[in-house]
Structures are given as C-alpha cells and as structure tokens.
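Following: one structure in structure tokens, then a few remarks.
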Amino acid sequence: MPRVIDCRDEGELDLAGCLDALGDRGFDPGDEGSLLAAASALRRLANDRAFLGDMLIEQLKNRHREIGESSAYGAQSIVLSRPRGGCFLRANIWPSERDSCFKSSGARTFVYGVPHDHNFSFLTVGYLGPGYRSDYYEYDYDTAAGYTGETPGLRFVERGALSEGKLMLYRAHRDIHSQLPAESLSVSLNILRIHPAEGWFDQYGFELESGAITGVLNPTATETFLRCAVGLGGAEALDLAEHFGRHHPSDRMRLASYEARALLLGESDADALWREAEASGSPMVAKEATARRGRLAA
Ligand SMILES: [Fe+2]
Numbered sequence: 001m002p003r004v005i006d007c008r009d010e011g012e013l014d015l016a017g018c019l020d021a022l023g024d025r026g027f028d029p030g031d032e033g034s035l036l037a038a039a040s041a042l043r044r045l046a047n048d049r050a051f052l053g054d055m056l057i058e059q060l061k062n063r064h065r066e067i068g069e070s071s072a073y074g075a076q077s078i079v080l081s082r083p084r085g086g087c088f089l090r091a092n093i094w095p096s097e098r099d100s101c102f103k104s105s106g107a108r109t110f111v112y113g114v115p116h117d118h119n120f121s122f123l124t125v126g127y128l129g130p131g132y133r134s135d136y137y138e139y140d141y142d143t144a145a146g147y148t149g150e151t152p153g154l155r156f157v158e159r160g161a162l163s164e165g166k167l168m169l170y171r172a173h174r175d176i177h178s179q180l181p182a183e184s185l186s187v188s189l190n191i192l193r194i195h196p197a198e199g200w201f202d203q204y205g206f207e208l209e210s211g212a213i214t215g216v217l218n219p220t221a222t223e224t225f226l227r228c229a230v231g232l233g234g235a236e237a238l239d240l241a242e243h244f245g246r247h248h249p250s251d252r253m254r255l256a257s258y259e260a261r262a263l264l265l266g267e268s269d270a271d272a273l274w275r276e277a278e279a280s281g282s283p284m285v286a287k288e289a290t291a292r293r294g295r296l297a298a
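With our numbering as the guide, the letters of the sequence shown map in order to residues 1 to 298.
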C-alpha cells in the first residue's frame, strides 16, 4: 500500500508558504530528502485550517469569472498551484453517498469503485473529514505487458481511510487502490509529481475478482490524433500509421495504429492486419491482436 509518512505536527504553512518551502526543488519521489521535505510542507499546509475555505469563498464571491491559469476547477479537483520543480498542488473533494453531487453524478464520476494504479507518484494528506476509503493492492509493473485481460499478480494489502492528518506517498506503477465513498464529505491535499514523459507510461484499470487489467485509463492526445487522421483516410496518414505500427516505441501507439487501420477494412483484410500485429514483436500488441482476431472469428 502507499507509504505512510509519519510527519510530526511541525507548525503551519499557508499556501504561499508551502510553495516557498517546495521552492525550485519541488518534489522528487526518488530523492528521500526531497520527498521528506515535500511531505513536511504538505503536512504543515494541512495544519492551515482556513486557506482552502477562504480561497473558495473568495472565488465564489468575487472571481468566478476571472479564473486564471493558476487555478482550475472541476467536479472534484481544485488545482492550487502552477507547475514548478516538477510538481503542482491540488485539492480533491470526496463526497459521501448522501451528498447531492454523488447522487446526481454517480460513483464513477468520483472514481469510486474504479480500481486503478497511477502513472505518477504523489503525496496526499487528509485535510477534512474521515476521508475516502480504499482497498489497497500492489503489483509488479515491470513484468506486466499491459494487455487487456492480463493478470499481473495483484496482492491485497489492506483497507484504509485517508483520515485527517494522515499523509501517504502513492508510488507510481506500484500501488493500486479501489476507492469507496467517504462516510461524510472529505477533502485531501496532494502534491503531484509531473514529468514530461509520464503520458507515455500507462495507468491501468483493474478487475479485482480476477486481478486482470481492464484497459489503459490515460490515452494520449497523440493516439487520438492518429486515429482521426487515419479515419479521414489520407494516404500520408496511412503510411505514418503503418510505420508507427511497426516501429513506434510506445506499444499503445502501435496498437492505436492497428486499431485505426482495422476500422477501415472488411473482416478478411482486418484479420490479415491483426495477424501482422500478432507478429509485431510487442507482447501487448500481439495479445490484443489475438483477442481481436477471436472477436472477428466469432
Ligand atoms: Fe487514485
């Protein structure tokens, strides 16, 4: 499960003070000194019981039409800072089953009951309320090919809740959690590690009974562009897709190139294309290709 970091109550920082403490060094989960310094800054921010409420009230009162690039709002997430030092800060809201947003939008909107890992590491601290609950699992990313239906050896660890003041490090490609609604409205604060290449590393969904991968949860815009370009049918797009299918370093791009081209073909030609994909040299693409051929045959 995520690493619990026992930060002592070291005083209080407001948001500006927390960002100052992170500075240009930011948050590097691979550097123990950076990790513990960032954890301490986040823990002290959590001791400021007023900053988030004050910020939200300020936005509601005066600035609802002036949301700048430094603050983005969604149904669940509030971005608190611009990227700096390879990280940024965010607050997450976790409704209970009794809250109206849960009733109107449903559990999946808040990622409840959607077991997943993360393709980035992050620190999190419970800021308000009893916190979301999670069933925690671990797995070995390095030995997973990443195809749908693969069982990469999930190991159940425990169930826990992100209670107020509890601080944890979620480790990229290792910790899996299946979240359950908080018992009452809760808020967590996060420092998220960002890296330019992280989009190329998969975040998976899982099915807990079988332990199987259900799919990649973070498709890139590049895949979508390729699918659109191929769907529009240009010769250059088809040439590029063929090249990507054979040579692209990302398995997901290779699979996307085969999927996009298969949609343009009849059953027999699509089967031939997926047969080529089976011999592509990528275990992930090969397994997905076999599954597609099975579906075509059925
Ligand atoms: Fe998560």
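The beta carbon of each residue, even a glycine, is placed where N, CA and C say it ideally should be.
Measuring only the C-alpha atoms, how far is residue i from residue j?
i    : j    : result
N62  : Y139 : 47 Å
N119 : L19  : 23 Å
H243 : E236 : 11 Å
G211 : L154 : 6 Å
Y112 : A197 : 27 Å
F27  : D202 : 21 Å
L52  : G215 : 35 Å
S77  : D269 : 45 Å
L128 : S188 : 7 Å
A38  : I176 : 22 Å
F156 : P2   : 12 Å
E97  : A262 : 42 Å
R292 : W274 : 7 Å
E69  : A279 : Note that E69 scores a pLDDT of 47, beneath 50, so its modelled location is shaky; the value from the coordinates is reported in the next line. For E69 and A279, the distance between alpha carbons rounds to 46 Å.
L226 : A286 : 20 Å
A46  : S105 : 28 Å
G205 : R84  : 29 Å
S40  : L13  : 10 Å
L167 : L35  : 12 Å
S163 : D48  : 16 Å
A91  : T124 : 9 Å
G30  : L265 : 46 Å
C101 : R108 : 12 Å
H116 : P152 : 13 Å
Indicate the three-state DSSP secondary structure (helix, strand or coil) for residue i in the structure shown.
i    : result
G11  : coil
F88  : strand
E267 : helix
L185 : coil
S100 : helix
L19  : helix
E223 : helix
M1   : coil
E299 : Residue 299 cannot be examined here, being either before or after the span of the chain that is shown, 1 to 298.
H247 : helix
L238 : helix
R133 : strand
L180 : strand
A279 : coil
E198 : helix
L217 : coil
F82  : Checking the sequence, you will find Arg at residue 82 rather than Phe. If DSSP states are grouped into helix, strand and coil, R82 belongs with coil.
T143 : helix
R25  : coil
V230 : helix
Report the partner residues of residue i according to the DSSP bridge assignment.
i    : result
E138 : R155 and D175
E207 : A212
S77  : N92
L255 : Its beta-bridge partners do not exist; DSSP assigns none.
I191 : L89 and L123
H116 : H177 and G205
Along the chain, where does the alpha helix (DSSP H) containing residue i start, and where does it finish?
i    : result
I57  : F51 to N62
L167 : Careful: L167 lies outside any alpha helix (DSSP H), inside the beta strand (DSSP E) at L167 to Y170.
A107 : Counting along the chain, A107 falls outside any alpha helix (DSSP H), and DSSP gives it neither H nor E.
E32  : E32 to A46
E288 : P283 to A297
Taking residue i as part of the beta strand (DSSP E), name the residues at either end of that continuous run.
i    : result
G126 : F122 to L128
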